[in-house]
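At position 8 of the sequence shown the residue is numbered 195 (my numbering), and the sequence of numbers has no breaks.
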Amino acid sequence: MGRRSQEDRDAMTVEIVFALVSGAALAAAAFIAVAATTVFLDLSRAAERVVLLSGAVVSAVVFVARLVDVLWGFPRHRRDRPMVTRRPQAPSQPSQPGRTRPDS
188 MGRRSQEDRD
198 AMTVEIVFAL
208 VSGAALAAAA
218 FIAVAATTVF
228 LDLSRAAERV
238 VLLSGAVVSA
248 VVFVARLVDV
258 LWGFPRHRRD
268 RPMVTRRPQA
278 PSQPSQPGRT
288 RPDS
């Protein structure tokens, strides 16, 4: 497989941080969405604990799902990117058909 370049290592680091931050944000939103029901409903203490526990479970599942989704798709995204080995050359033809002089 070979050694990874610094660019590849940096890209993977950025992707991991993005997965962690976006996963944490989505998990927090999921927990708030589930736990908000305890504010609006008059629940018993036991029912409130069940709702909060289910919110924690849902947020953990959302966090792991986001991590897997982002990190699993990263290698495919990198493979699909065209490999640029040298600078593209300027076209030898004019950009507009019928024009042959550079100042026209």
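Positions of the beta carbon are idealized from the N, C-alpha and C atoms, including for glycine.
Beta-carbon proximity check, residue i vs residue j, cutoff 7 Å
i, j, result
"Ala214", "Phe261", "no"
"Val245", "Ala206", "no"
"Thr225", "Val208", "no"
Reference residue i; option with closest CA among the options
i, options, result
"Ala223", "Ser241, Ala211, Leu254", "Ser241"
"Ala216", "Asp197, Trp259, Ala247", "Ala247"
"Val255", "Ala198, Ile203, Glu194, Gln193", "Ile203"
Boundaries of the alpha helix (DSSP H) in which residue i is found, first to last residue
i, result
"Arg196", "193-222"
Counted within 10 angstroms of its Cβ, other Cβ atoms place residue i as buried (16 or more) or exposed
i, result
"Met270", "Interpretation of Met270 is limited by its pLDDT of 49, a score under 50 that renders its predicted location unreliable; the figure taken from the coordinates is listed afterwards. Answer is exposed; the Cβ neighbour count stays below 16."
"Arg253", "buried"
"Phe218", "buried"
"Arg191", "exposed"
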